[in-house]
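Q: Sequential numbering of the sequence shown, starting at 28, is according to our numbering. By construction, the Cβ of each residue, glycine as well, lies at the ideal position given by its N, Cα and C atoms.
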Amino acid sequence: MRKRRKILTVSTAVVAAATLPLLISPVVSAAVPEDDDESSRVTRLYVPPADRDSYRQVARLAWRGDFRDSAGLLAMVRTPHAVWYGDETPEQVTRLVRRTTRSADRQGRLPVLALYNIPGRDCGSYSSGGADGLAAYQAWIDAIAEAIGDRKVLIVLEPDSLALLPSDCADASNAEETAVESQQPEQTAVEERPAVEEQTAVEASPTELPPLPDPGASTAPPAASAASGTGQETAQSTDPQSTGSQSTDPQSTGSQSTGSQSTDPQSTDPHPDASELVAPTPSETQEGVGPEASASQSPGLEPSAEQPSTLPELPPLPTPDPVTPDPVTPDPEDASASGDLDTPVVEDPETAARYSEINYAVDALSALGNASVYLDAGHSGWHSVSTIVPRLIKAGIDRATGFALNVSHYQTDQDSAWYGRLISSCLAYADEGGDPEDCAEQSWSRRHARRWLRAHVPDDPARMKHYVTDTSRNGQGPWAPRAATHQRNDVQSWCNPPGRGLGRRPTTRTGEALLDAALWVKTPGESDGRCLRGTDGPLDPVRGTLNPEAGEWFPEQALELVRYADPAVSAFRRHHGR
Numbered sequence: 028m029r030k031r032r033k034i035l036t037v038s039t040a041v042v043a044a045a046t047l048p049l050l051i052s053p054v055v056s057a058a059v060p061e062d063d064d065e066s067s068r069v070t071r072l073y074v075p076p077a078d079r080d081s082y083r084q085v086a087r088l089a090w091r092g093d094f095r096d097s098a099g100l101l102a103m104v105r106t107p108h109a110v111w112y113g114d115e116t117p118e119q120v121t122r123l124v125r126r127t128t129r130s131a132d133r134q135g136r137l138p139v140l141a142l143y144n145i146p147g148r149d150c151g152s153y154s155s156g157g158a159d160g161l162a163a164y165q166a167w168i169d170a171i172a173e174a175i176g177d178r179k180v181l182i183v184l185e186p187d188s189l190a191l192l193p194s195d196c197a198d199a200s201n202a203e204e205t206a207v208e209s210q211q212p213e214q215t216a217v218e219e220r221p222a223v224e225e226q227t228a229v230e231a232s233p234t235e236l237p238p239l240p241d242p243g244a245s246t247a248p249p250a251a252s253a254a255s256g257t258g259q260e261t262a263q264s265t266d267p268q269s270t271g272s273q274s275t276d277p278q279s280t281g282s283q284s285t286g287s288q289s290t291d292p293q294s295t296d297p298h299p300d301a302s303e304l305v306a307p308t309p310s311e312t313q314e315g316v317g318p319e320a321s322a323s324q325s326p327g328l329e330p331s332a333e334q335p336s337t338l339p340e341l342p343p344l345p346t347p348d349p350v351t352p353d354p355v356t357p358d359p360e361d362a363s364a365s366g367d368l369d370t371p372v373v374e375d376p377e378t379a380a381r382y383s384e385i386n387y388a389v390d391a392l393s394a395l396g397n398a399s400v401y402l403d404a405g406h407s408g409w410h411s412v413s414t415i416v417p418r419l420i421k422a423g424i425d426r427a428t429g430f431a432l433n434v435s436h437y438q439t440d441q442d443s444a445w446y447g448r449l450i451s452s453c454l455a456y457a458d459e460g461g462d463p464e465d466c467a468e469q470s471w472s473r474r475h476a477r478r479w480l481r482a483h484v485p486d487d488p489a490r491m492k493h494y495v496t497d498t499s500r501n502g503q504g505p506w507a508p509r510a511a512t513h514q515r516n517d518v519q520s521w522c523n524p525p526g527r528g529l530g531r532r533p534t535t536r537t538g539e540a541l542l543d544a545a546l547w548v549k550t551p552g553e554s555d556g557r558c559l560r561g562t563d564g565p566l567d568p569v570r571g572t573l574n575p576e577a578g579e580w581f582p583e584q585a586l587e588l589v590r591y592a593d594p595a596v597s598a599f600r601r602h603h604g605r
């Protein structure tokens, strides 16, 4: 009797798993109401084949009798989302892209392609990889263009490629090493590396350099002040609402920290320090500059007593004073220390190559008759408007359809909409000859920013660049850890954060003039990486588990996305009164 019941139970579970797609057809309709709309104004988006591991999880949940989570998970994987390509050979990517575009064309749907093969991808972090140089990347892009042909596609070109330039990688990696070194002495519970803790404790003491003047203070703070890890981690650890346009720029943070170090109170009277720093050095090396600089900074009689031979020449020569700053601060240093956020791009060959790669891709893909190309613009918690707009301009935004926001991130729809409007407005302002540094920032008050928009934004939205947003995981907004133990660690709030949910369902009917589509660019349920969060690992200190590699299926996170979705995924229709 027990054996018969067991066979009956197993058979029921197998049949339920096999017929689950038929049973949850109302769920899929509820999950993608905009996509199934019959209106001709709405473009139906393509649903690619789901990950095999996702179907295995669906079957396991149904086997255990958890039909609600099973149905919700199946509805998630059957919702339109982007198809990612990267690391394939030109021959492989030609075959795969042609298969996708042909399948979507037969169904009368629009495929979303996320191209992710830029050289030096992700600063060598969890999603490292990419093509081997400019020539290899151009051949890869040419293969994709050939496979697309005249079919209609929407392309999200190289997420993080502009928000995370090669010039941003060095500061991020140095900051990561500094953060780890500063925390290892406190992690006494780790038994495997006691020797390393002793070394870092010894190395931590020389970092305090009170007797050193400006040269020592100007080199050390940028690594310590920047957020650790990749540029994505920097984005989540800095708040543009509080810091303004300089919150995410490595050089601007470096200059701010340098200023704070230069005011180290080693002397109580600033005037004697200024005379001591300026007067002795020029007096030994330059005969004309030294007395003039010391005389301009110390009005007392001490300089005249030290150099009586030059007294007759000093009074009639007022002009040399403005000349003295020139040898001290050369023009190139002035340019890099000023507000120009992109000057290092010209000096960095890898960053210059990055712009060449993106420009080539824009030209090759935009030349296709039915391809819409959107460039990477990060998200509202990463770069200021005046930082990202020059990068978009150098990458060829004028020849692209628009830009993409919040790819693989968690910013709310409201923040993305406001940020996208400001970027589009700033691009239009710069196209008319304006300086992006004068554009309204997301850190400004709404009243102040709207006043700027009324004065500088074109009345016709057709004259402005449009954008798309990624809403695959932003239902609960960005993750803000509360535990005090994470305050000094790099929390990597972008990497598999807990308790996040699905966001707005993919649609091209947005109701906003500048927003072309809300998309699921990041495949929900796929891992962001191992997420060590500034620790030695291998476990994620937040989840207490070993996270899958980037791009692999993450069952725990997939269930969280379904359970915390906003709007909710209704697995079963509920009767009124229950």
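1. Helix, strand or coil for ALA457? Go by DSSP, reduced to three states.
2. Answer yes if the segment 388-395 comes into contact with the segment 443-460, meaning at least three C-beta pairs across the two stretches below 8 Å, and no otherwise.
3. Are the CB atoms of ASP497 and SER413 nearer to each other than 8 Å?
4. Spatial neighbours of ALA585 within its chain, please: C-beta separation below 8 Å, excluding the five flanking residues on both sides.
5. Taking the alpha-carbon positions, what's the PHE430 to ARG91 distance?
6. Would you mind sorting ARG557 into buried or exposed? The rule is 16 or more other CB atoms within 10 Å of its CB.
7. Looking at the strands, I want to know which residues DSSP matches up with ASP497.
8. Run through the segment 399-430 for me and flag every whole beta strand (DSSP E) of 3 or more residues, listed as ranges in chain order.
9. For the alpha helix (DSSP H) containing VAL110, list its first residue and its last residue.
10. Under 8 Å by Cβ, that's how I've got ASP132 and PRO146 pegged, so tell me the actual separation to the nearest angstrom.
11. Taking the alpha-carbon of GLY611 as reference, which of THR562, GLY578, PRO485, ARG500 has the nearest alpha-carbon?
12. Round the Cβ separation of SER399 and LEU181 to the nearest angstrom and send it over; I've been treating them as touching at under 8 Å.
13. Using only alpha-carbon positions, find the residue among ALA507, TYR494, LEU529 that is nearest to GLY408.
14. Might you give, ordered along the chain, the residues of its own chain that have their beta carbon closer than 7 Å to the beta carbon of PRO594, omitting 5 neighbours on each side?
15. Please report the straight-line C-alpha distance between ARG381 and VAL124, rounded to a whole angstrom.
16. Compare the beta carbon distance of LEU189 and ILE385 with 8 Å and say whether it is the shorter of the two.
17. Where VAL139 and TRP547 are concerned, what is the direct C-alpha to C-alpha distance, given to the nearest angstrom?
18. Specify whether the segment 107-114 and the segment 527-547 touch according to this definition: at least 3 beta carbon pairs, one from each stretch, less than 8 Å apart.
19. For VAL229, which residues from the same chain have a beta carbon less than 6 Å from its beta carbon, with the 5 sequence-adjacent residues on both sides left out?
20. Determine the extent of the alpha helix (DSSP H) in which ILE182 is found, giving its start and end residues.
21. Which of the three DSSP states, helix, strand or coil, is assigned to THR439?
22. Got a sec? Which residues, its chain only, sit under 8 Å from TYR112 by beta carbon, not counting five neighbours each side?
23. Please determine, among HIS483, ASP440, GLN438, the residue with the shortest C-alpha to C-alpha distance to GLY460.
24. Looking only at DSSP bridge pairs, what is TRP580 linked to?
25. So, with DSSP's three-state summary, where would you put LEU573?
26. Along the chain, where does the alpha helix (DSSP H) that runs through VAL596 open and close?
27. Just to confirm my understanding: we take PHE581, look at its own chain, exclude 5 residues before and 5 after, and list those with CB closer than 8 Å. What are they?
28. Looking only at C-alpha atoms, which of PRO117, SER154, ARG126 sits nearest to GLU579?
29. In terms of residue numbering, what span does the beta strand (DSSP E) encompassing ALA141 cover?
30. Specify the secondary structure class of THR378 as computed by DSSP and reduced to three states.
31. When DSSP labels each residue in this structure, what does LEU11 get in the three-state scheme?
32. Let me check one thing: in DSSP terms, what residues is THR534 bridge-paired to?
33. Going by beta carbon distance, what residues of the same chain come within less than 6 Å of ALA476, once the five residues before and after it are set aside?
34. DSSP beta-bridge partners for LEU432?
35. Short of 6 Å in beta carbon distance, which residues of its chain neighbour ALA1, apart from the five on each side in sequence? Order them along the chain.
36. What would DSSP say about LEU123, mapped onto helix, strand or coil?
A: From the atom records:
1. As a working note, residue 457 is residue 430 in the sequence shown. Note: ALA457 maps to helix in three-state DSSP.
2. no
3. Position 470 of the sequence shown, counting from 1, holds the residue named residue 497. Position 386 of the sequence shown, counting from 1, holds the residue named residue 413. Taking 8 Å as the Cβ cut-off, ASP497 and SER413 do not qualify as a contacting pair.
4. Residue mapping note: residue 585 aligns to position 558 of the sequence shown, counting from 1. The answer, listed in chain order, is SER81, GLN84, LEU100, MET103, PRO551, GLY552.
5. Taking the sequence shown and counting its residues from 1, the one referred to as residue 430 is at position 403. Taking the sequence shown and counting its residues from 1, the one referred to as residue 91 is at position 64. Distance between the alpha carbons of PHE430 and ARG91 is about 44 Å.
6. Your numbering for residue 557 matches position 530 in the sequence shown. Label assigned to ARG557: buried.
7. Position 470 of the sequence shown holds residue 497. LEU546, per the DSSP bridge assignment.
8. none
9. Along the sequence shown, one-based indexing puts residue 110 at 83. Not the alpha helix (DSSP H): VAL110 falls in the beta strand (DSSP E), residues 110-112.
10. As a first step, residue 132 must be located in the sequence shown, where it is residue number 105. As a first step, residue 146 must be located in the sequence shown, where it is residue number 119. About 31 Å separates the two Cβ atoms, so there is no contact after all.
11. Since the displayed the chain opens at 28 and closes at 605, residue 611 lies outside it and no answer follows.
12. The residue you call residue 399 lines up with position 372 of the sequence shown. The residue you call residue 181 lines up with position 154 of the sequence shown. At roughly 5 Å, the Cβ-Cβ gap stays under 8 Å, so SER399 and LEU181 are in contact.
13. For the purposes of this step, residue 408 is taken as residue 381 along the sequence shown, with counting starting at 1. The residue with the shortest Cα to Cα distance from GLY408 is ALA507.
14. For this step, residue 594 is matched to residue 567 along the sequence shown. Excluding residues within five positions, none has a Cβ falling inside 7 Å.
15. As a first step, residue 381 is located in the sequence shown; it is residue number 354 there, counting from the start. As a first step, residue 124 is located in the sequence shown; it is residue number 97 there, counting from the start. Using only the alpha carbons, I get a separation of about 23 Å.
16. In the sequence shown, residue 189 corresponds to position 162, counting from 1. In the sequence shown, residue 385 corresponds to position 358, counting from 1. Yes; because the gap between Cβ atoms is below 8 Å, this pair is in contact.
17. As a first step, residue 139 is located in the sequence shown; it is residue number 112 there, counting from the start. As a first step, residue 547 is located in the sequence shown; it is residue number 520 there, counting from the start. Spanning the two alpha carbons is a distance of roughly 9 Å.
18. yes
19. Along the sequence shown, one-based indexing puts residue 229 at 202. No answer about VAL229 holds up, because its pLDDT of 34 lies below 50 and its placement is not dependable.
20. The residue given as residue 182 occupies position 155 in the sequence shown. Per DSSP, ILE182 belongs to no alpha helix (DSSP H); it is in the beta strand (DSSP E), 180-184.
21. Counted from its first residue, the sequence shown places residue 439 at position 412. Here THR439 sits in coil by DSSP.
22. If you number the sequence shown from 1, residue 112 lands on position 85. Correct list, in chain order: VAL120, LEU123, VAL124, LEU140, ALA141, LEU142, TYR143, ASN144, ILE171.
23. Taking the first residue of the sequence shown as 1, we reach residue 460 at position 433. Nearest C-alpha to GLY460: HIS483.
24. Residue mapping note: residue 580 aligns to position 553 of the sequence shown, counting from 1. Its beta-bridge partners are GLU553.
25. In the sequence shown, counting from the first residue as 1, residue 573 sits at position 546. Coil.
26. To locate residue 596, count along the sequence shown from 1; it is residue 569. No alpha helix (DSSP H) holds VAL596; DSSP gives it neither H nor E.
27. The residue labelled residue 581 in the question sits at position 554 within the sequence shown. Taken in chain order, the residues that qualify are ASN523, GLY552, GLU553, SER554, ASN574, PRO575.
28. Here residue 579 refers to the residue found at position 552 when the sequence shown is read from its first residue. Nearest of PRO117, SER154, ARG126 to GLU579, Cα basis: SER154.
29. As a position in the sequence shown, residue 141 is number 114, starting the count at 1. Looking at the DSSP string, the run of the beta strand (DSSP E) that includes ALA141 is 139-142.
30. Here residue 378 refers to the residue found at position 351 when the sequence shown is read from its first residue. Helix at THR378.
31. Any question about residue 11 goes unanswered here, given that the chain covers just 28 to 605.
32. For the purposes of this step, residue 534 is taken as residue 507 along the sequence shown, with counting starting at 1. THR534 pairs with ALA545.
33. The count along the sequence shown starts at 1 and reaches residue 476 at position 449. The answer, listed in chain order, is ALA467.
34. In the sequence shown, counting from the first residue as 1, residue 432 sits at position 405. LEU432 is bridged to THR496.
35. Absent from the model: residue 1. The displayed extent of the chain is 28 to 605, so no value can be given.
36. Position 96 of the sequence shown holds residue 123. It is helical.
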